[in-house]
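What follows is one structure encoded as structure tokens, with my remarks underneath.
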Amino acid sequence: MLKTIAVAMLVSAAGLMTAYAQGGGKVTVVTSFSKDVTDPLKAGFEASNPRFTLDVQNKSTSSGVKYLDEIKANNQVDLFWASAPDAFDSLKGKNLLAKFTPAVTGLPDKVGSYTVNDPDGFYFGFAASGYGIMWNERYLEANGLVKPAEWSDLTKPEYFDHIAIAAPSRSGTTHLTIETILQGEGWDKGWGTLKAMGGNLQQVTERSFGVPDAVNSGQTGIGVVIDFFAFSAQASGFPVGFAYPSVTTVVPANVAIVTNAPNRKGAEAFINYLLSEPGQTVLLEPSIRRLPINPALYAKAPEGFPNPFKDARFQSMIAFDADVSKKRTDVVDTLYDQLITFQLDNLKAATRAIHDTEIALAAGENAQARALLDEARGMIAAMPISADQAASAEIGDAFTGGDQKTARQAELEQQWAAFATEKYAAAKAKAEEALALTQ
Amino acid sequence: MAYALSSPSQRVSSRPGQMAAVLLIALFLGVFLIVPAGTVIYTAFTEKGTGTFTFVNFFDFFGTDLFVRSFWNSVYVSGMSVVWATVLALPLAVITTRFEFRGAIVIQTLGFVPLIMPPFVGAVAMQLLFGRNGTVNLLFNDWFGFKLPFMDGLNGVIFVQSLHYFPFILINLSTSLRNIDRAMEEAAQNLGASGFRLFRRIVFPLAMPGYLAGASLVFVKVFDDLATPLLLNVKDMLAPQAYLRVTSVGLTDPMGYVISVILIAVSIFAMWVSAIAMRGKDYSTVQRGGGGLSRRQLGPGESVVAYGVVLLILLLVLSPHIGLLLLSFATVWSFSPLPDAFTVAHYGRVFGESSLYIKNTLIYASLAGLIDVVVGGAIAYLVLRTRIVGRRWLDWAATSALAIPGVVLGIGYLRTFYGVTLPDGTPLATLWVMVVVALAIRRLPYALRACYAALQQISESLEEAAENLGATKLRTVRRIVLPLMMGGLLAGFVTSFSTAAVELSATLMLIQSNSDAPIAYGLYVFMQSPAGRGPGAALGVIAVVMVALCTLLSHYVIERRQKANGMAK
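Residue numbers (the working numbering), protein chains in the order written: chain U, 1 to 439; chain V, 1001 to 1569.
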């Protein structure tokens, strides 16, 4: 019995070897994309490359990265395929990705303000997605809310406790949006906006898909999401709407070949297919609805399909500085967690007090109360560290597990959390003091 | 017969056979639990930058407000969940075992189903029913103009956890109640005890091993569970904190592993406390197989009350599954008490692939359950019946599996077994057998507690008698201990089997191809897109029905055995 199994294994292994040699066989891809995305592309790839079959392994982005790291000694995976560029960057930093020059040429270098491909040729953008605001129509109607149009709307009192967002430390795409706001508005003002929005949050989810899920089911009214979540929900019949704010960000979704891929030829064929016109056309399907990276295809797109290469909303963002972003990625994520995610109750209590005072002031202005209120807002916006500190090696190294003996992450986190707790409590007290003056 | 008065009876000294058993189990636990988990968790004890051994990370843990708050929140939630789970489990267990009650088997099975909560879809279904804009709250808002925060904050976690894990108490308590000798009860009745006094003084104390086994499992499981708090967006508890830190991209923070160590320590401590509570008490009875407690006939009035209570509890604990069923037939369900329309299309979509998933799940979960019962039964025997060195360590090591997050174990397996290659070059870790072993390790504590409780109820005098009559140790185990433990072993198997059938976290790391995937993985793949919600729910329903059928079957077997024994007597 055992012998038969062993022989069968050897035979099948030998079969695989010959298949690889002829440029065929199984192409293994680790991906975070759902079946709705992978199935049509798998079908298209196998139809145009009949000798290959695509074996899809679904893992969340973070498990995928961990997985590739753990199996590198005897790698069996050909491709990594996911949205978040930071995951690819992390893999590239660990030498887990292989260089490649796709056969498809003539694609643009930039979409919106982001560079499409890795400048060193390790990973490639194959689709773009824009960030925006998604809402549940029934929820808004039941709560008497108007559709939000701009990011700044989300800081208004009427949206208090109606908004969801994914934690940037858990969602690479949310991280890019946060980073874009910080680069666009500057460190201090940007954090002010983020925290004012944070005070209105109902929940900070730990998965990107948690936000559209909550909006779809009506548990929350408004979500900050990436466009295809909303488009595919609409395609499935959910009563949801979506809008790009006048300033938005476009982020690429990527694909890369893994170092020592067992079927390198197959991996190359897949990337070439993904970037080719037939592959790009599949992206327009209603269940996928991602923005192709090939500008020519928008001619085929259905009515109302956004075009990031023409649409002014996607061009208006300032140029995104990838170096700045990279230096402080972990610091920004941890700050968001410590100041907003894990402080949500305190932040909301302070924000509610500010909203109440603001409403009272709208009825009758009071200069002294206004001054106190501004002071309270300043306290919420205050940051424990400056932009320069955030980018410094001293603080950055605490998060990378670098060889230098620096401050430990836990120490920094505790300092920042204590800072936030104190400031939010003080802000709440100030706002309440102001409210008392108006009565 | 020696409740509460006998001193610990004399234990037999160790023999070569027992020594071999200890070594084998130690080897199993060492290779598949301690080494893999250790390769990941040792980070907790290293200093950043230098990699030298240190405890500084633990000082950091206690110096961080968030972690200290999380710790106490977890303790509070676990304690309260035990209380509420008891409130749910006690009436079901007592009514179905102490009274002539039609459909007792069905109730035992249904009462067990909440444990089988498929990942993701279960969460969505709960939110759609009890969430802030779920069915119940939308109706309350329409009718009375207010909403109840069932699912908000720590109370929400307690609510969901007690619904989810009360079967641990139900199944262990019921098994214990069935095993109580009728003569004890009759003796008490002859002495004039009846009603609540009889229950409080005789029945409940005799069922104590089962209750404690269940309650300590609920406590530890709630303490270590990360899925429920995360689905309710409660992040300031320990297990979610560990998970969030271990699974962040690119970060190499040791705190996630530090928290894992703390989780393990607390789990073992809780089990130790429950062992202390049992110390010095002997709950075993000599007589066996009397069909358990005598079953009273219910009067008409009592019947109404009993059925009312049972139905109410079942409705509450099964509501997530009712929601799941609705979801699997729903076209669109959004901000409304019920779905907009119904369809069977979702079942059509999963029909083709589900047979493969079902086959894999059945193979993996039943093999895992089998391993658990064998290893768990052996550990329980060694701990309770021998004085062999290191037996407690086996117990604690096996129990610590409860506290190791699935993803940590998954990474540990990759790290330990990926380098080991088979003759054709494929890594050992990619074989589906590794998924089975991982599942068995993750669910071993469940089976262990059940075996433990079953053995505690058997008097050693029965074994001594057998040995006096010349039976060898092995023969005694085979002819006396095993048959008498059968109910408990089956309870352990069922618990391990059914929870392994819906396990995802370790599986997600280890599954290498779609053809090896169990049903939980199929669910995961669907639940990443809005269009996949219905098909995901349909797969979830299939999983629940499948596991419930297997459970029903084993209850039927237990019941049959009990009856057969009763006849023989």
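All C-beta atoms in this analysis are idealised placements derived from N, C-alpha and C, irrespective of residue type, glycine included.
Should Ala142(U) be flagged as near chain V, meaning a C-beta pair shorter than 8 Å? Residue numbering aside, residue 142(U) sits at position 142 when the first sequence is read from its first letter. At least one CB atom of chain V sits nearer than 8 Å to the CB of Ala142(U).
Does any residue of chain U bring its CB to less than 8 Å from the CB of Asp1224(V)? The residue given as residue 1224(V) occupies position 224 in the second sequence. Not closer than 8 Å to any Cβ of chain U, the Cβ of Asp1224(V) fails to qualify, so no.
Is there at least one Cβ from chain V nearer than 8 Å to Asn95(U)'s Cβ? Start at 1 with the first residue of the first sequence, and residue 95(U) comes out as number 95. Answer no: the Cβ-Cβ gap between Asn95(U) and chain V never drops below 8 Å.
Any idea if Gln439(U) is buried or exposed, counting beta-carbon neighbours within 10 angstroms, 16 or more meaning buried? As a first step, residue 439(U) must be located in the first sequence, where it is residue number 439. Under the 10 Å beta carbon count, Gln439(U) is surrounded by fewer than 16 other beta carbons and is classified as exposed.
Kindly list the residues whose CB is nearer than 6 Å to the CB of Thr155(U), restricted to its own chain and excluding five residues on each side of it in sequence; keep chain order. Start at 1 with the first residue of the first sequence, and residue 155(U) comes out as number 155. Answer for Thr155(U): Ala196 and Met197, listed in chain order.
Please return the same chain residues whose Cβ sits closer than 8 Å to the Cβ of Leu412(U), not counting the five positions on each side in sequence. The residue labelled residue 412(U) in the question sits at position 412 within the first sequence. Short of 8 Å from the beta carbon of Leu412(U), and not among the five residues preceding or following it, lie these beta carbons of its own chain, in chain order: Thr334, Ile395 and Ala398.
Leaving out the 5 sequence neighbours to the left and right, which residues in its chain are closer than 7 Å to Asn294(U) when beta-carbon positions are compared? Along the first sequence, read from residue 1 onward, the residue named residue 294(U) stands at position 294. For Asn294(U), same chain residues with a beta-carbon under 7 Å away, outside a window of 5 residues either side, are Leu107, Glu277 and Gln280 in chain order.
Using the beta-carbon count (16 or more within 10 Å), is Tyr1524(V) buried or exposed? The sequence position of residue 1524(V) within the second sequence is 524, counting from 1. Answer is buried; the Cβ neighbour count reaches 16.
Show which residues of chain U have a CB atom less than 9 Å away from the CB atom of Leu1263(V). In the second sequence, residue 1263(V) corresponds to position 263, counting from 1. Chain U residues near Leu1263(V): none, gap ~17 Å exceeds 9 Å.
For Ile133(U) versus Thr220(U), is the C-beta distance shorter than 8 Å? On the first sequence, position 133 is the one that residue 133(U) refers to. On the first sequence, position 220 is the one that residue 220(U) refers to. Contact annotation: Ile133(U) and Thr220(U) have beta-carbon atoms that are not nearer than 8 Å.
Could you give the DSSP three-state label for Phe1342(V): helix, strand or coil? As a first step, residue 1342(V) is located in the second sequence; it is residue number 342 there, counting from the start. For Phe1342(V), the secondary structure class from DSSP, reduced to helix, strand or coil, is strand.
Whose C-alpha, out of Arg1385(V), Ala1501(V) and Tyr1165(V), is nearest the C-alpha of Val1481(V)? In the second sequence, the residue the question calls residue 1481(V) occupies position 481. The shortest C-alpha separation from Val1481(V) is found at Arg1385(V).
Minimum Cβ-Cβ distance from Glu158(U) to chain V less than 8 Å: Working through the first sequence from its first residue, we reach residue 158(U) at position 158. For Glu158(U), the answer is no, since every Cβ of chain V falls outside 8 Å of its Cβ.
Leu1110(V) to Leu176(U) span [Cα, whole Å]: The residue given as residue 1110(V) occupies position 110 in the second sequence. The residue given as residue 176(U) occupies position 176 in the first sequence. Between Leu1110(V) and Leu176(U), the C-alpha separation is close to 47 Å.
Which runs of the alpha helix (DSSP H) spanning at least 4 residues fall entirely within the segment 186-268 of chain U, listed in chain order? Runs of the alpha helix (DSSP H) lying entirely within the segment 186-268 of chain U and spanning at least 4 residues, in chain order: 187-198, 210-217 and 227-235.
How should Pro1016(V) be labelled, buried or exposed, when 16 other C-beta atoms within 10 angstroms of its C-beta is the threshold for buried? Position 16 of the second sequence, counted from the start, is the residue given in the question as residue 1016(V). Exposed: under 16 other Cβ atoms inside 10 Å.
Measuring straight from C-alpha to C-alpha, what distance separates Asp36(U) and Leu361(U)? Position 36 of the first sequence holds residue 36(U). Position 361 of the first sequence holds residue 361(U). For Asp36(U) and Leu361(U), the distance between alpha carbons rounds to 50 Å.
Should Asp36(U) be flagged as near chain V, meaning a C-beta pair shorter than 8 Å? In the first sequence, counting from the first residue as 1, residue 36(U) sits at position 36. Chain V, which has a Cβ nearer than 8 Å to the Cβ of Asp36(U), makes this yes.
CB of Ile181(U) within 8 Å of CB of Leu194(U), strictly: Here residue 181(U) refers to the residue found at position 181 of the first sequence. Here residue 194(U) refers to the residue found at position 194 of the first sequence. Taking the C-beta atoms as reference points, Leu194(U) is found nearer than 8 Å to Ile181(U).
Ala1227(V) versus Ala1506(V) - alpha carbon distance: Within the second sequence, numbered from 1, the residue matching residue 1227(V) stands at position 227. Within the second sequence, numbered from 1, the residue matching residue 1506(V) stands at position 506. Cα to Cα, Ala1227(V) sits roughly 13 Å from Ala1506(V).
Which chain U residues are close to Pro1427(V), counting only those with a beta carbon under 9 Å from its beta carbon? Locating residue 1427(V) in the second sequence gives position 427, counting from the first residue. Going along chain U in sequence order, the residues near Pro1427(V) (Cβ under 9 Å) are Ile71, Ala73, Asn74 and Gln76.
Which residues does DSSP pair with Gln57(U) in a beta bridge? Here residue 57(U) refers to the residue found at position 57 when the first sequence is read from its first residue. According to DSSP, which records beta bridges pairwise, Gln57(U) is partnered with Val30(U).
Output the distance between the C-alpha atoms of Phe229(U) and Asn1141(V), rounded to the nearest integer angstrom. Indexing the first sequence from 1 puts residue 229(U) at position 229. Indexing the second sequence from 1 puts residue 1141(V) at position 141. Here the alpha carbon of Phe229(U) sits roughly 29 Å from the alpha carbon of Asn1141(V).
Let's see if you can read the secondary structure: which residues bound the beta strand (DSSP E) around Asn136(U)? In the first sequence, residue 136(U) corresponds to position 136, counting from 1. Run containing Asn136(U): Tyr123 to Asn136, per the beta strand (DSSP E) assignment.
Per DSSP, Thr1426(V) forms a beta bridge with which residues? Counted from its first residue, the second sequence places residue 1426(V) at position 426. In the DSSP output, where bridge partners are listed per residue, Thr1426(V) has none listed.
Kindly list the residues whose CB is nearer than 7 Å to the CB of Ser1366(V), restricted to its own chain and excluding five residues on each side of it in sequence; keep chain order. As a position in the second sequence, residue 1366(V) is number 366, starting the count at 1. The beta carbon of Ser1366(V) is closer than 7 Å to those of Phe1497 in its chain, skipping five residues each way along the sequence.
Which residues does DSSP list as the beta-bridge partners of Ala1021(V)? Start at 1 with the first residue of the second sequence, and residue 1021(V) comes out as number 21. Residue pairing from DSSP leaves Ala1021(V) without any beta-bridge partner.
Residues of its chain near Ala1341(V), where Cβ-Cβ distance is below 7 Å and the 5 sequence neighbours each way are ignored: Here residue 1341(V) corresponds to residue number 341 of the second sequence, with the count starting at 1. Only Thr1331 meet the Cβ criterion.
Quick one: grab the DSSP three-state call for Ala381(U). Counted from its first residue, the first sequence places residue 381(U) at position 381. Note: Ala381(U) maps to helix in three-state DSSP.
By the three-class DSSP mapping on this structure, what secondary structure does Phe1168(V) have? Working through the second sequence from its first residue, we reach residue 1168(V) at position 168. Residue state, collapsed to three classes: helix.
Taking contact to mean 3 or more Cβ pairs, one atom from each stretch, closer than 8 Å, check whether the segment 1234-1244 of chain V and the segment 1145-1165 of chain V are in contact. Taking a contact to require three or more Cβ pairs closer than 8 Å, the segment 1234-1244 of chain V and the segment 1145-1165 of chain V qualify as touching.
Between Phe1130(V) and chain C, is the shortest Cβ-Cβ distance under 8 Å, so that the two count as touching? Among the chains of the structure shown, chain C does not appear; the protein chains present are U and V.
Per DSSP, the bridge partner or partners of Tyr114(U): By 1-based counting over the first sequence, the position of residue 114(U) is 114. Its beta-bridge partners are Val111(U).
Cβ closer than 8 Å: which chain U residues qualify as neighbours of Lys1147(V)? Sequence index remark: in the second sequence, residue 1147(V) carries index 147 (1-based). Per Cβ cutoff of 8 Å: no residues; Lys1147(V) is ~12 Å from chain U at best.
Nearest CA to the CA of Thr53(U): which residue from Lys59(U), Thr38(U), Tyr67(U) and Ala128(U)? Residue mapping note: residue 53(U) aligns to position 53 of the first sequence, counting from 1. The option with the nearest alpha carbon to Thr53(U) is Thr38(U).
By a C-beta neighbour count over all protein chains shown, 10 Å radius and 16 as the cutoff for buried, is Arg170(U) buried or exposed? Your numbering for residue 170(U) matches position 170 in the first sequence. Under this definition Arg170(U) is a buried residue.
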